[in-house]
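Student: Protein chains in written order, with our numbering: chain A, 1 to 218; chain B, 1001 to 1482.
C-beta atoms are modelled at their ideal positions from N, C-alpha and C, and glycine is treated no differently.
For reference, the structure I am asking about is given below.
Written out as structure tokens, the structure is:
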């Protein structure tokens, strides 16, 4: 059995290739995944998310609950779970869903039983950030859990305006990921495959119905 | 766990279907030549058309994705990051291992393919794993992991839709990103209907839904999930995985054990390097702004987290990689497996991935396969190129594939692997073409002979001579007739 020392020793015994040094540019290199000058973050987020087949809702804080309820009623979702990172809106959402005649559970209760988690119709999560230039929401193992955003056919994610970063550099250089736990993840629209003759299918292993609720500042 | 298996969601797949039909020795590399394998694909008109269409489409999307940005500066930055990471590989691996272990990842070391198989099989035996869901991993194809696990009584479910088809057909992936590029919807329909035991609708949506149902059941009952890894981040001990279907994340979230098999060259120094590498990987791979799911994990589930595996194992795979360090082929280790070089390669676009006989196709396959499998088995792949340089132009990390292919040819020549008749032919050719009079005479003879063979200006496959050339395309002599 090869151990760490002998494994690394074998690699160390080889000659070293040319090292150009690690680039350390203050300015992020130009990429499609960066925010452009003059762009507003929520606008770019909406445009990129919609380009990836996410359905975007722009609301103020008081309308979050009603928006979630209307999406879930339309999706005919019965088994609905909320994750803990929804916290600032959890009570409102819960109240709106009850008013709409829907029952909800907490994902932390459902998750330990894979069969139950796998049978959910919808999950409603918060996030630790959203990336405007890629149309992505960033979730964490500590908040939405690893599978909270993609276990059910419908996923609704609520993002507050101040959580939106411009591009990938801003995400990785910022502190949004600090408390993510054992995993952080970007999701950008519905699960998709074009494996069979290049025909695009939404909702393969993850949700086909993905909603992003962007909450404007008060 | 087995008691509840049949009570969970999804429809269980027919028992016994999940047997990998391909065995390690089923690699065609050892038993056939490039020309024989290429001829098989070229004899299937659908495969040829589909490969050309799909690769055209992917290449166009990639070009469109970077319009209006300084693409060249981004590629140059990516090249530097990869070159720096590989030049300092032992240090960054050391750092990655420290960080990963600190977060509870159990790290294993596979010097070669057989050790990788042994390690994963041992984990399965120790942890009494009998059912595994697997997310697409080229490293696992390299080591023929599936058959090794089957040998210790593990049922394996490939969960990427394309890989699911590949596994059930006993096929091999035809493209690094799009495994069933070479297969028709009708073939998938026939396969899935047979698995279902009844006729399914012959539509991509219904076929995908069938696979989803069965695989959902597998996700909810598997004892372990096995994945590859797109990057390892040294500063944080992360393993990064990109997928579009979401199977990668489910593989690493739902089963109680996650095992990742990752090549040592996948290491990046810092998370911020992802801001450069990710848009290039996805932009050059599928033309997307970003892959639908990017999952970055370090260690098993922590206290207070609602879900996630209780154990995380990472098997670091060398298997020929360290031997390339510091040498003339080191840059082959910069590859991030995006598949862009396949899409633009005039050879790949005609013959597809299987012609390369092993795991990787296209220009990077023509480089890596001889380096990993040896000159004896795979040396001829260095000839599977027109040396047009399109791969150099498209590579997101600027690997000089064209130079690497030439170096392989030189090495093969220097080691005396060129057959006697070829040496004689080329020596003769050099003699003739370095003398003006003989040169002119030779071209006149060639021109005259071709005209004699041609009908209406074309030498077609019907001609008894030059058949190896004309089997796949017409040879036009002079102007093509209208």
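Secondary structure at residue 1339 of chain B, three-state DSSP: helix, strand or coil?
Tutor: Reduced to three states, the DSSP call for residue 1339 of chain B is coil.
Student: At the 8 Å Cβ level, is residue 187 of chain A part of the contact set with chain B, yes or no?
Tutor: At least one chain B Cβ lies under 8 Å of residue 187 of chain A.
Student: Would the beta-carbon of residue 219 of chain A fall within 8 Å of that of residue 1114 of chain B?
Tutor: Residue 219 of chain A is absent from the model: chain A starts at 1 and stops at 218.
Student: Measuring CB to CB, does residue 32 of chain A end up less than 8 Å from residue 1289 of chain B?
Tutor: Against a cut-off of 8 Å, the Cβ pair of residue 1289 of chain B and residue 32 of chain A comes out as a contact.
Student: Residue 1158 of chain B bridges to which residues according to DSSP?
Tutor: Partner(s): B:1134.
Student: What did DSSP end up calling residue 1442 of chain B once you bin it into helix, strand or coil?
Tutor: Three-state result, residue 1442 of chain B: helix.
Student: I want to verify the contact list: residues of chain B whose CB lies under 8 Å from the CB of residue 218 of chain A, in sequence order.
Tutor: Near residue 218 of chain A there are no residues of chain B at all, since even the closest Cβ is about 30 Å away, more than 8 Å.
Student: For residue 83 of chain A, which of A:75, A:48, A:122 and A:55 has the nearest alpha-carbon?
Tutor: For the residues A:75, A:48, A:122 and A:55, the minimum Cα distance to residue 83 of chain A belongs to A:122.
Student: Kindly confirm or deny that the segment 1149-1167 of chain B and the segment 1214-1228 of chain B touch, where touching means at least three C-beta pairs closer than 8 Å.
Tutor: Touching, yes, given that three or more Cβ pairs across the two stretches are closer than 8 Å.
Student: Unbroken alpha helix (DSSP H) runs of length 4 or more, entirely within the segment 160-218 of chain A: which are they?
Tutor: Here the runs fully enclosed are 168-173.
Student: Excluding sequence positions up to five away, which residues of its chain have a Cβ less than 6 Å from the Cβ of residue 1258 of chain B?
Tutor: Only 1225, 1252, 1309 and 1312 meet the Cβ criterion.
Student: How many angstroms separate the CA atom of residue 137 of chain A from the CA atom of residue 155 of chain A?
Tutor: So the two alpha carbons sit approximately 11 Å from each other.
Student: By how many angstroms is the C-alpha of residue 1192 of chain B removed from the C-alpha of residue 1382 of chain B?
Tutor: Taking the straight line joining both Cα atoms gives about 38 Å.
Student: What residues from the segment 37-50 of chain A come within 7 Å of chain B, judged by C-beta to C-beta, listed N to C?
Tutor: The segment 37-50 of chain A vs chain B, Cβ under 7 Å: 48.
Student: Give the interface partners of residue 16 of chain A over in chain B, defined as CB-CB distance under 7 Å, in chain order.
Tutor: Near residue 16 of chain A (Cβ distances below 7 Å), the residues of chain B are 1087 and 1326.
Student: Hey, how far is the Cα of residue 1078 of chain B from the Cα of residue 1357 of chain B?
Tutor: Their Cα atoms are separated by approximately 30 Å.
Student: Bridge partners of residue 225 of chain A, per DSSP?
Tutor: Given a span of 1 to 218 for chain A in the structure shown, any question on residue 225 of chain A remains unanswerable.
Student: Report the residue from B:1076, B:1055, B:1067 and B:1038 whose alpha carbon sits nearest the alpha carbon of residue 23 of chain A.
Tutor: Taking only the C-alpha atoms, the option nearest residue 23 of chain A is B:1076.
Student: Closest to residue 1010 of chain B by CA distance: which of A:4, A:114 and A:38 is it?
Tutor: Here the closest residue by C-alpha is A:114.
Student: Any beta-carbon of chain B closer than 8 Å to the one on residue 211 of chain A?
Tutor: Residue 211 of chain A does not count as touching chain B.
Student: Where do the N-terminal and C-terminal ends of the beta strand (DSSP E) with residue 1243 of chain B fall, by residue?
Tutor: Looking at the DSSP string, the run of the beta strand (DSSP E) that includes residue 1243 of chain B is 1238-1243.
Student: Flag this pair as touching only if the segment 165-177 of chain A and the segment 194-210 of chain A have three or more C-beta atom pairs under 8 Å; answer yes or no.
Tutor: Touching, no, given that fewer than three Cβ pairs across the two stretches are closer than 8 Å.
Student: Start and end of the alpha helix (DSSP H) containing residue 1311 of chain B?
Tutor: Where residue 1311 of chain B is concerned, there is no enclosing alpha helix (DSSP H), although the beta strand (DSSP E) it sits in stretches over 1311-1317.
Student: I need the boundaries of the beta strand (DSSP E) containing residue 58 of chain A, first residue and last residue.
Tutor: Counting along the chain, the beta strand (DSSP E) containing residue 58 of chain A begins and ends at 55-59.
Student: Just by C-beta distance, which residues in the segment 137-159 of chain A are closer than 8 Å to chain B?
Tutor: For the segment 137-159 of chain A, which is checked against every Cβ of chain B, the residues closer than 8 Å are 141, 142, 145, 146, 147, 148, 150 and 151.
Student: Note the first and the last residue of the continuous alpha helix (DSSP H) segment covering residue 1149 of chain B.
Tutor: Looking at the DSSP string, the run of the alpha helix (DSSP H) that includes residue 1149 of chain B is 1145-1151.
Student: Among residues of its own chain, excluding the 5 on either side of residue 1023 of chain B, which ones have a beta-carbon nearer than 6 Å to its beta-carbon?
Tutor: The pLDDT assigned to residue 1023 of chain B is 46, lower than 50, so where the model puts this residue is not dependable, and the model offers no usable value.
Student: Residues in the segment 1066-1083 of chain B with C-beta within 7 Å of chain A's C-beta atoms, listed in sequence order?
Tutor: Those would be 1066, 1069, 1070, 1073, 1074, 1077, 1080, 1081 and 1083, in chain order.
Student: Please determine if the segment 1175-1193 of chain B and the segment 1051-1062 of chain B are in contact, where contact requires at least 3 C-beta pairs separated by less than 8 Å.
Tutor: Yes, since at least three Cβ pairs between the segment 1175-1193 of chain B and the segment 1051-1062 of chain B fall closer than 8 Å, the two stretches touch.
Student: Since residue 1173 of chain B contacts residue 1362 of chain B with CB under 8 Å, what's their CB separation in whole angstroms?
Tutor: Incorrect: roughly 12 Å between the Cβ atoms, too far for contact.
Student: Can you give me the Cβ contacts of residue 1359 of chain B inside the same chain, cut-off strictly under 7 Å, excluding the 5 residues immediately before and after it?
Tutor: Same-chain partners within the cutoff: 1138, 1141 and 1142.
Student: Please report whether the beta-carbon of residue 103 of chain A lies at a distance below 8 Å from any beta-carbon of chain B.
Tutor: With 8 Å as the cut-off, residue 103 of chain A does not count as an interface residue toward chain B.
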